[in-house]
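A.B. asks: Sharing a structure with you now.
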Amino acid sequence: MSETIMQVKHITKKFPVSGNKFLMACDDINLTIKSGQTVGIVGESGCGKSTLVKTILNMHAPTSGEVIFHEKDITKLKGEAKRQNCRNIQMVFQDPTAAFDPKMKIADIICEPLLNFNLIKKSQIKQKARELLELVELPADLVDRYPNNMSGGQRQRVAIARALALEPEIIVCDEATSALDVSVQAKIIELLVRLQREKNITYIFICHDLALVSLFSHRIAVMYLGNIVEKIDGDKLQQAQHPYTQALLRSIFYVDEEKNKNIETLTGEIPSPLDLPIGCPFQNRCKYCKDICKQTKPQLEEVSSNHFVACHLV
Ligand code: SF4
């Protein structure tokens, strides 16, 4: 049984905008993250998943709520304590090219976090970078390359090597495979799964692709307009009950033509987060919407063991 490594408790994030209004990016989010497991956070663009991650990473303060890691609320950390906390929670972004300095060699990119924390000497950079490149299944002789002379998949492996350098307990992958070809995506996922098995790393995997997330997530949280609308074990995803999760499942494209006969795309626009409807946030796209859905916002309720759904009809 895995231990809880992090607890996201009642995280709300509102951004003030003009006219005394605010944009509700995350509304009372609760998540329990277990050591050595993967939590997939899924939803369309603008659902609040990236804001949630930035809050978990302490890149901005929540409006309210806590993120408990090693018995501390890390949203309150400042200065050196905040910097030291970064050692334990690292990030892999969608576009590593944007995160890399094109004038730095791969060895320097990978070992920069180690130098920042005085964990290696300059003379050790190449050897350490070689070890980390081999860990992510890249040839060690890439140490002298520049990122622009590599493929997208190789760059993403370098980003993973850099994230691994500090031996973090948690790695947050923010759409980390979204910009890659499907075949490269699969290889990166295989790599992440192997590293998790070998090093007991915990992943928070942010993605818009439910099919991909379901391949390797132990828990899945589905977000819609700043709310978690369903939390379910990854291997029980086919039992999802929220109409939004079900719609996402029906929109998955399969190679098998027979399965594709039932494909349905989600219609209707996502409401503006500046002007949220009263009641259920999914009401204008939900084919089961009833009067109560327009009056009262449904709360996440446990409908079966460890399966939570926010819907009046479930
Ligand atoms: Fe649809 Fe109503 Fe459930 Fe919202 S609460 S998902 S509108 S049925």
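One point on numbering: in the working numbering, the residue at position 36 of the sequence shown is 36, and numbering is uninterrupted.
Where a beta carbon is used, it is the ideal one built from N, C-alpha and C, also for glycine.
#1: Are the region 154-162 and the region 183-199 touching, with three or more C-beta to C-beta distances below 8 Å?
#2: Mind the definition here: the region 268-276 touches the region 219-226 only if three or more C-beta pairs lie below 8 Å; say whether that holds.
#3: Under a criterion of Cβ closer than 5 Å to any non-hydrogen atom of the ligand SF4, which residues qualify, in chain order?
#4: Tell me whether the beta-carbon of G40 lies closer than 9 Å to the beta-carbon of R219.
#5: On the DSSP bridge assignment, give the partners of Y146 in chain order.
#6: For P16, which residues of its own chain have a beta-carbon under 7 Å away from its beta-carbon, when the five flanking residues on both sides are left out?
#7: Considering only residues of the same chain and omitting the five flanking positions on each side of Q295, which have a CB-CB separation below 6 Å?
#8: Taking only three categories from DSSP, how would you classify E137?
#9: Considering only C-alpha positions, which residue in the set K54, I74 and A211 is nearest to Q7?
#10: I'd like to know if the region 77-86 and the region 95-102 are in contact, where contact means that at least 3 CB-CB pairs between them fall below 8 Å.
#11: Tell me whether R87 sits in a helix, a strand or coil according to DSSP, three-state version.
#12: Which residues mark the beginning and the end of the alpha helix (DSSP H) in which R219 is found?
#13: Would you mind listing the alpha helix (DSSP H) stretches within the region 61-123 that are 4+ residues and don't spill past its ends, in chain order?
#14: Leaving out the 5 sequence neighbours to the left and right, which residues in its chain are closer than 7 Å to F216 when beta-carbon positions are compared?
#15: Determine the closest residue to K199 out of L166, I68 and V92, with distance taken between C-alpha atoms.
#16: Straight-line CA distance for T265 to Q246?
#17: Using the Cα positions of N148 and I171, report the straight-line distance between them to the nearest angstrom.
#18: Going by the CB atoms, is the gap between M24 and T32 shorter than 9 Å?
#19: For the beta strand (DSSP E) holding T4, just list the boundary residues, first then last.
#20: Return yes when the Cβ of L300 is within less than 9 Å of the Cβ of V213, no when it is not.
#21: For V182, which three-state DSSP category applies?
#22: In three-state DSSP terms, what is S214?
#23: In whole angstroms, what is the alpha-carbon distance linking I232 and H307?
#24: Under the three-state reduction of DSSP, which class applies to N284: helix, strand or coil?
#25: Determine the contact status of R162 and P113, defining contact as a CB-CB distance below 9 Å.
#26: For H307, list the residues DSSP reports as bridge partners.
#27: Measuring only the C-alpha atoms, how far is H70 from G36?
#28: Does DSSP put E230 in a helix, in a strand, or in coil?
#29: In three-state DSSP terms, what is A165?
C.D. replies: Let me spell this out:
#1: Touching, yes, given that three or more Cβ pairs across the two stretches are closer than 8 Å.
#2: Put simply, the region 268-276 touches the region 219-226. At least three CB pairs are less than 8 Å apart.
#3: Matched residues: P243, C280, F282, Q283, C286, Y288, C289, C293, P298, C311, H312 and L313.
#4: Counting from 1 along the sequence shown, the entry for residue 40 is found at position 40. Counting from 1 along the sequence shown, the entry for residue 219 is found at position 219. Their beta carbons are under 9 Å apart, which means G40 touches R219 by this criterion.
#5: Working through the sequence shown from its first residue, we reach residue 146 at position 146. Paired residue(s): none; Y146 is not in a bridge.
#6: Along the sequence shown, read from residue 1 onward, the residue named residue 16 stands at position 16. If the five residues before and after P16 are omitted, its C-beta is found closer than 7 Å to the C-beta atoms of F22, all from its own chain and listed in chain order.
#7: What you label residue 295 is simply residue 295 of the sequence shown in a count that begins at 1. Excluding residues within five positions, the ones whose Cβ falls inside 6 Å are G279.
#8: Along the sequence shown, read from residue 1 onward, the residue named residue 137 stands at position 137. Coil, per DSSP.
#9: What you label residue 7 is simply residue 7 of the sequence shown in a count that begins at 1. Per the Cα distances, I74.
#10: Judged by Cβ distances under 8 Å, the region 77-86 makes no contact with the region 95-102, as fewer than three pairs qualify.
#11: Working through the sequence shown from its first residue, we reach residue 87 at position 87. R87 falls in the coil class under three-state DSSP.
#12: Within the sequence shown, numbered from 1, the residue matching residue 219 stands at position 219. Bounds of any alpha helix (DSSP H) do not take in R219; it lies within the beta strand (DSSP E) bounded by R219 to Y224.
#13: Here the runs fully enclosed are 79-86, 96-99 and 106-116.
#14: For the purposes of this step, residue 216 is taken as the residue at position 216 of the sequence shown. Short of 7 Å from the beta carbon of F216, and not among the five residues preceding or following it, lie these beta carbons of its own chain, in chain order: T38, I189 and V193.
#15: On the sequence shown, position 199 is the one that residue 199 refers to. Put simply, of L166, I68 and V92 the residue whose alpha carbon is nearest the alpha carbon of K199 is L166.
#16: In the sequence shown, counting from the first residue as 1, residue 265 sits at position 265. In the sequence shown, counting from the first residue as 1, residue 246 sits at position 246. T265 and Q246: Cα-Cα distance of roughly 11 Å.
#17: Position 148 of the sequence shown, counting from 1, holds the residue named residue 148. Position 171 of the sequence shown, counting from 1, holds the residue named residue 171. Distance between the alpha carbons of N148 and I171: 24 Å.
#18: Counting from one through the sequence shown, the residue named residue 32 turns up at place 32. Counting from one through the sequence shown, the residue named residue 24 turns up at place 24. No, these two residues do not count as a Cβ contact at 9 Å.
#19: For the purposes of this step, residue 4 is taken as the residue at position 4 of the sequence shown. Start and end: T4 to V17.
#20: Indexing the sequence shown from 1 puts residue 213 at position 213. Indexing the sequence shown from 1 puts residue 300 at position 300. At the C-beta level, V213 and L300 stay beyond 9 Å of one another.
#21: To locate residue 182, count along the sequence shown from 1; it is residue 182. Note: V182 maps to helix in three-state DSSP.
#22: In the sequence shown, the residue the question calls residue 214 occupies position 214. Judged by DSSP in its simplified three-state form, S214 adopts helix.
#23: The residue you call residue 232 lines up with position 232 of the sequence shown. The residue you call residue 307 lines up with position 307 of the sequence shown. If I take the Cα positions, the gap works out to 5 Å.
#24: The residue given as residue 284 occupies position 284 in the sequence shown. Looking at N284 - three-state DSSP - the assignment turns out to be helix.
#25: Here residue 162 refers to the residue found at position 162 of the sequence shown. Here residue 113 refers to the residue found at position 113 of the sequence shown. Yes, the pair counts as a contact, with Cβ atoms nearer than the cut-off.
#26: Residue mapping note: residue 307 aligns to position 307 of the sequence shown, counting from 1. H307 is bridged to S304.
#27: If you number the sequence shown from 1, residue 70 lands on position 70. If you number the sequence shown from 1, residue 36 lands on position 36. Approximately 15 Å between the Cα atoms of the pair.
#28: In the sequence shown, residue 230 corresponds to position 230, counting from 1. Secondary structure at E230: strand, using DSSP grouped into helix, strand and coil.
#29: Position 165 of the sequence shown, counting from 1, holds the residue named residue 165. In this structure, A165 counts as coil in the three-state DSSP scheme.
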